[in-house]
Amino acid sequence: MQLTAVSLIKYPMTQLPFGNTQIESKTLLQQIESEEAIEQLESAGIEDASTRIKAFVAVVPALLSWLETSGRHYPWRYTTDPWRVYISEILLQRTRGDAVAEIYDKFFEQFPDPSSLDGATESEIRNTVDSLGFGNQRTRTLQDVADLLVSEHGGEVPVSPEELKRPWRVGNYSAHATLLFAFGESRPLVDANIARIIERYLGYEMPEQPHKDTDVYALLDSLTPVEPDTARAFYFALIDHGAKICTSSSPSCSECPVAEGCQYWIPDSPST
Ligand code: SF4
3 MQLTAVSLIK YPMTQLPFGN TQIESKTLLQ QIESEEAIEQ LESAGIEDAS
53 TRIKAFVAVV PALLSWLETS GRHYPWRYTT DPWRVYISEI LLQRTRGDAV
103 AEIYDKFFEQ FPDPSSLDGA TESEIRNTVD SLGFGNQRTR TLQDVADLLV
153 SEHGGEVPVS PEELKRPWRV GNYSAHATLL FAFGESRPLV DANIARIIER
203 YLGYEMPEQP HKDTDVYALL DSLTPVEPDT ARAFYFALID HGAKICTSSS
253 PSCSECPVAE GCQYWIPDSP ST
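Each residue of the sequence shown is one higher than the one before, counting from 3 in the working numbering.
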């Protein structure tokens, strides 16, 4: 997101767990770069781009209200501690939230900070995260994280996307999610759930790997509210809506809080 006068304002942080779920469309419009979003859609060949973006902005308040009543109460959403947020985002890669929630307490009792993880043996780490799958890869990433933070950052989580992405197999999503959910920096997030809803609602054809596509990042960047607590709610709402309502195989359009204006709306779709 470009640093405009608006984005340089310091905002109070943070309403846990979901951020600011109470916002009107006209306020949201002041917080996003709608003209840039329209340009992104037009360059993808969408003629009524302006109408689609306006419709999207109009339904976001309903999406955030839905989050307040139906969002998932995971433990990492109740903290802005950078260590807990960063590690949780790494554990969530290719993994269900419920599975990570099951080992969350045990993990942070065992490894309350980078130095405790740095001092652990490979088998101690592996035993703790084994239930999540990908045990070897996950252990190597966690060892990398601990080594980097202890040896180069004084045991602190760095406020830098480049540094957050340096450990093996840590990518844009984990880095940006840490900056947003721990440090209160509005950053675009792209994962499968988020990309799917944007694709369906706006009728924007996603590439095969949206999380690696600069145009997709530019579109999400323009739609990300500049106020971090609203951005927090915006992304948690998209993530949870994608997991519970707008699922990949069977979207429940009849229960969808953002059905109005959706390009993919399916009548008589199944209930959750
Ligand atoms: S109306 Fe259906 S396809 Fe559109 S966002 Fe809602 S659940 Fe997804």
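No residue lacks a Cβ here, since even glycine has one placed at the ideal position from N, Cα and C.
- With a cutoff of 7 Å, residue 84 does not count as near ligand 1, since its C-beta is closer than that to no heavy atom of the ligand.
- The shortest CA-to-CA distance from residue 234 to any of 70, 49, 55 is the one to 70.
- Using a C-beta cut-off of 8 Å, the segment 113-127 makes contact with the segment 142-149, since at least three inter-stretch Cβ pairs fall below that distance.
- Boundaries cannot be given for residue 78, as no alpha helix (DSSP H) includes it and DSSP labels it neither H nor E.
- Note that the C-beta distance between residue 228 and residue 188 is below 8 Å.
- Taking non-hydrogen atoms of ligand 1 into account, the C-beta of residue 168 is found less than 7 Å away from none of them.
- Of all residues, those with a beta-carbon under 7 Å from at least one heavy atom of ligand 1 are 199, 202, 203, 247, 248, 253, 254, 255, 258, 260, 261, 264, 266, 267, 268, 271, reported in chain order.
- By the C-beta criterion, the segment 190-210 is judged to be in contact with the segment 242-260, since at least 3 inter-stretch pairs fall below 8 Å.
- Remark: C-beta atoms of residue 153 and residue 39 do not approach each other more closely than 8 Å.
- By the criterion of a C-beta distance shorter than 7 Å, residue 61 is surrounded in its chain by 260, 262, 263, once the five residues flanking it on both sides are discounted.
- With at least 16 other beta carbons inside 10 angstroms of its own, residue 66 counts as buried.
- Within the same chain, 85, 157 come within 8 Å of residue 115 by CB-CB distance, once the 5 residues on both sides are set aside.
- A straight-line Cα-Cα distance of about 19 Å links residue 269 and residue 200.
- In the three-state scheme derived from DSSP, where H, G and I count as helix and E and B as strand, residue 167 is classed as coil.
- Counting the other CB atoms within 10 Å of its CB gives residue 178 a total of 16 or more, which places it among the buried residues.
- Residue environment: residue 73 is assigned as buried (16 or more neighbouring CB atoms within 10 Å of its CB, all protein chains considered).
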